[in-house]
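Numbering (this note's numbering), first residue to last: 14 to 264. Just so you know, even glycine gets a beta-carbon here, dropped at the ideal spot from N, CA and C. Report on the structure given below.
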């Protein structure tokens, strides 16, 4: 399978997996036009759509794609039923498309019904995990998002993290505001800035990279705990996660 990203809106990525015959899977098509252009340019034929959650920048193109490709199967959580989903999936379900078997993982936090899809090495995680960060808590709680991160963190380190937004540079900038002397973060920030200056994507990332540069995955980190001690007595990983999310909200 080949992994492709289609830029959409200001900073979204619509992900496409295609086989050698040109059959493909589309993930979170927030708008139809760039997807239709890519289908025509590459001679791709969509087999299915995967939806992670109900926000418009992830589902806005579904109905037009269904008009163009009648009979397309659209997998998604219950919260996307009025957005074009015709096959509702839940935690623990398996979705078999082309050569892939996707495990469906419930990851509430950004929205209450948010799902991720994992078929090694690909993780389509929508707005749950970003490179260097995590999604805003529009509907869920810090506890829910922390638990969602714990699920993701059990996956293999080689997992390709295919998140839906190009937020890496701002996320690493935030991380450096918390740990300004962290050499791993400093080096990675240089790499990311260089990529973005050339208008190159920073995604997909890997779970191995995220374990080093994503503070929301480093809630057991001694340096992070030392910094937080200066502001609060909270020291449990879940509390540190909530503290970081609140800091990021006002960054």
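Item, Value
"Between the Cα of residue 126 and the Cα atoms of 22, 116, 102, which residue gives the shortest distance?", "102"
"If you reduce the DSSP assignment to three classes, tell me which class residue 34 lands in.", "coil"
"Quick check on DSSP: helix, strand or coil for residue 55?", "helix"
"Helix, strand or coil, according to DSSP, for residue 183 in the structure here?", "helix"
"Three or more beta-carbon pairs under 8 Å between the stretch 51-62 and the stretch 126-138, yes or no?", "no"
"Is it a yes or a no for the stretch 145-152 touching the stretch 232-252, going by three-plus beta-carbon pairs under 8 Å?", "no"
"What are the start and end residues of the alpha helix (DSSP H) that includes residue 45?", "No alpha helix (DSSP H) contains residue 45, which DSSP labels as neither H nor E."
"Near residue 208, which residues of its chain fall below 6 Å by C-beta distance, leaving aside the five closest residues on each side in sequence?", "215"
"Within the same chain, show all residues whose beta-carbon is closer than 8 Å to that of residue 156, passing over the 5 residues directly before and after it, in chain order.", "251, 255"
"Let me know the beta strand (DSSP E) ranges lying completely inside the stretch 86-139, each 3 residues or longer, listed in chain order.", "86-89, 107-110, 113-119, 128-132, 135-139"
"Classify residue 60 as helix, strand or coil using the three-state DSSP reduction.", "strand"
"Could you have a look at residue 69 and say whether DSSP puts it in helix, strand or coil?", "helix"
"Can you give the Cα-Cα distance for residue 95 and residue 63, rounded to whole angstroms?", "15 Å"
"Is it the case that the Cβ atoms of residue 301 and residue 179 are separated by a distance below 8 Å?", "Shown here, the chain extends from 14 to 264; a query on residue 301 therefore has no answer."
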